[in-house]
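In this note's numbering, the protein residues as written are 18 to 185.
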Amino acid sequence: MIFVDEFGVHLAMTRTHARAPRGERAAVCEKFERGTKLSAISALGLRGVCASMVIEGSVDQDVFDHYVESFLVPHLRAGDLVMLDNIRFHYSQRAISVIEAAGASVEHLPAYSPDFNPIEGCISKIKAILRMLKAETEQALLKALAFALDQVTASDIRGWFRHCGYST
């Protein structure tokens with residue numbers, strides 16, 4: 018099973034909690050400059066994180082179709098099951114036919130069911146690392162994103178799959 022999802026990142030990603038001595042208020046100075054919004058699309062299977070793509074702006078059907086053709090399909094094996102959530106462009110006939118031509122099949126998760134999607138745990142870990150690294154330039158953000166993707170371990174992946182009820 019290969020789960021595909023997209024997520025946004027920007028320069029203003031910082032931690033939302035801080036610590037302070039008892040009785041004192043935690044104060045953190047952060048610059049709030051979002052910069053350019055980047056969107057990432059990744060795939061997650063028991064073989065690891067693969068087929069990651071980053072673009073400036075938002076994902077739409079044309080971007081998703083390009084991702085499937087150029088990034089996802091080269092990583093698919095015959096018999097793979099590609100799981101997509103219910104965003105409208107995940108129903109693109111072009112993307113589905115390209116996946117099926119590669120010998121894989123496509124299923125859509127039930128609506129509003131992130132609990133069945135292990136890549137949500139992966140995205141959470143990636144965003145936590147990005148908040149910790151506090152990239153200040155777009156180039157640094159791209160490097161931080163690559164670093165965060167490399168931090169996803171096989172143990173993490175098995176845990177996310179088990180948490181969602183899938184056997185590993």
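Cβ coordinates follow ideal geometry from the N, Cα and C atoms, glycine included.
Within 10 angstroms of the beta-carbon of serine 59 lie 16 or more other beta-carbons, which makes it buried. Serine 122 and arginine 94 have their C-alpha atoms some 10 Å from each other. In this structure, serine 56 keeps its C-beta atom at 8 Å or more from the C-beta atom of glutamine 78. Straight-line measurement puts the Cα of tryptophan 177 at about 14 Å from the Cα of glutamine 168.
The three-state reading of DSSP puts leucine 63 in coil, since its state is none of H, G, I, E or B. Residue state for histidine 125 is assigned as strand, using DSSP reduced to three classes.
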